[in-house]
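Single-structure report; data block below.
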Amino acid sequence: MKGLLKKLTTLLKQPSRIGFGPRSPKSTSLKNRVPSHPFTSLSQQRAESAPKFNMARGLKKHLKRLNAPKHWMLDKLGGAFAPKPSSGPHKSRECLPLILILRNRLKYALTYREVIAILMQRHVLVDGKVRTDKTYPAGFMDVVSIPKTNENFHLLYDTKGRFRLHSVRDDEAKFKLCKVRSVQFGQKGIPYLNTYDGRTIRYPDPLIRANDTIKLDLEENKIVDMIKFDVGNVVMVTGGRNRGRVGVIKNREKHKGTFETIHVQDATGHEFATRLGNVFTIGKGTKPWVSLPKGKGIKLSIIEEARKRIAAQQATAA
């Protein structure tokens with residue numbers, strides 16, 4: 030018995046024989062390494078010793094319905110997900126995907142598959158170009174045309190900040206108003222301007238500056254006319270709590286180091302202020318170059334809306 034114990038103690042004192050303990054200093058390669066634990070394999074050791082990388086996840090391809098923009102007006106119980114807008118000329122929070130235009134607004138389709146069938150037959154045009162992407166982001170001032178039904182729509186805001194498909198005539202659907210983001214010089218001194226919807230137009234009129242509005246012919250892709258961003262011109266607010274309101278610029282306040290403030294007066298005489306980036310010039314003087322949706326951009330209070338509703342009900346009853 031004593032002899033057996035002596036043999037066991039001598040074996041335990043020499044761990045390299047049975048594969049326990051640290052590796053010997055002579056063995057440097059992975060093949061000659063001795064496992065640090067009796068149950069860890071060589072592949073596990075290689076995985077542990079390999080450098081770890083945090084792989085990129087890429088773009089998010091899904092959008093939960095509760096996180097979708099409020100102005101899409103999606104019902105909360107209509108499903109878990111909402112259409113994720115594709116990359117395009119407008120921001121995802123400031124656009125309306127084509128699937129929502131055809132299915133939820135115009136009611137030309139009942140399901141997702143029906144929208145795909147309509148688009149794949151090349152029936153829908155945005156700014157004069159056929160669009161087959163179901164989640165293509167149509168935005169403010171875009172012209173949505175359906176030749177099969179002889180319909181043209183301008184995508185505008187109502188006074189509650191929601192998108193409205195405003196029906197327009199064929200002559201009005203041939204042009205589009207674009208706000209100028211910047212005017213720059215490219216290679217060889219070629220001037221060009223960038224618009225709010227991602228367009229780049231070379232050799233513009235030298236009088237055009239940032240924040241001005243150009244009238245763009247959609248067929249020839251050329252600048253037909255321009256509107257200067259001046260006091261006295263009519264504008265539509267495209268951002269903030271006053272989105273959708275229409276009025277005339279009364280004053281422009283410049284503040285160093287912060288946002289410029291624009292004071293606007295609507296047709297009823299009410300004045301409000303907003304940032305310079307939220308203002309879109311739509312006409313010279315008090316006359317807009319595009320037709321406006323119902324309400325003409327005049328925001329009513331809750332009491333005024335109630336009185337108007339009661340008067341309309343009494344008129345229909347009489």
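Here the sequence shown stands for residues 30 to 347, where the numbers follow the numbering used here. Glycine included, every Cβ here is placed at the ideal spot set by N, Cα and C. Just so you know, these numbers come straight off a predicted model, no measurement behind them.
Kindly indicate which residue of the options has the alpha-carbon position closest to the one of residue i.
{"i": "LEU88", "options": "LYS113, ARG274, ILE331 and LEU103", "result": "LYS113"}
{"i": "MET170", "options": "LEU139, VAL153 and PHE192", "result": "PHE192"}
{"i": "SER320", "options": "LEU222, ASP187, ARG338 and ASP259", "result": "ASP187"}
{"i": "LYS257", "options": "HIS100, THR38, HIS91 and ILE278", "result": "ILE278"}
{"i": "TRP318", "options": "ILE332, MET255 and ILE327", "result": "MET255"}
{"i": "LYS251", "options": "VAL260, VAL264, ASP234 and GLY261", "result": "ASP234"}
{"i": "ASP199", "options": "PHE214, LYS189 and HIS183", "result": "HIS183"}
{"i": "HIS299", "options": "ILE311, SER330, LEU305 and LYS283", "result": "SER330"}
{"i": "VAL264", "options": "PRO220, LEU236 and GLY326", "result": "GLY326"}
{"i": "ASN240", "options": "LEU305, ASN262 and ASN181", "result": "LEU305"}
{"i": "LYS158", "options": "THR140, GLN73 and ALA202", "result": "ALA202"}
{"i": "GLY117", "options": "LEU135, LYS163 and ALA85", "result": "LYS163"}
When DSSP labels each residue in this structure, what does residue i get in the three-state scheme?
{"i": "GLY248", "result": "Residue identity differs from the one stated: residue 248 is Glu in this sequence, not Gly. Correct three-state label for GLU248: coil."}
{"i": "ARG338", "result": "helix"}
{"i": "GLY48", "result": "Confidence in GLY48 is poor, its pLDDT being 48 and thus under 50, which makes the residue's placement unreliable; the coordinate value appears in the next sentence. The answer is coil: DSSP assigns GLY48 none of H, G, I, E or B."}
{"i": "SER56", "result": "Below a pLDDT of 50, predicted positions are generally treated as unreliable, and SER56, at 48, falls in that range; no measurement from the model is reported."}
{"i": "PRO127", "result": "In the sequence as displayed, the identity of residue 127 is Leu instead of Pro. In the structure shown, LEU127 sits in a helix (DSSP, three-state: H, G or I)."}
{"i": "ARG231", "result": "strand"}
{"i": "GLY276", "result": "strand"}
{"i": "HIS100", "result": "helix"}
{"i": "LEU106", "result": "coil"}
Note the first and the last residue of the continuous beta strand (DSSP E) segment covering residue i.
{"i": "GLN294", "result": "290–294"}
{"i": "TYR141", "result": "Taken as a continuous stretch (DSSP letters only), TYR141 belongs to no beta strand (DSSP E), being part of the alpha helix (DSSP H) at 141–149."}
{"i": "LYS208", "result": "204–214"}
{"i": "TYR186", "result": "180–186"}
{"i": "ALA167", "result": "166–168"}
{"i": "ASN223", "result": "220–224"}
{"i": "SER174", "result": "172–175"}
{"i": "HIS119", "result": "Per DSSP, HIS119 belongs to no beta strand (DSSP E) and is neither H nor E."}
- Query: So, do the region 282–291 and the region 175–182 have three or more beta carbon pairs nearer to each other than 8 Å?
  - Reply: Flag = no, the region 282–291 and the region 175–182 do not touch.
- Counting pairs of beta carbons, one from the region 221–239 and one from the region 270–290, are three or more of them closer than 8 Å? no
- Item | Meets three-Cβ-pair contact criterion under 8 Å: the region 199–206 and the region 232–251 | In short, these stretches touch, since the Cβ pair count reaches three.
- Task: Go through the region 279–330 residue by residue and report every complete run of the beta strand (DSSP E) that reaches 3 residues or more, in order.
- Result: 290–294, 300–304 and 308–312
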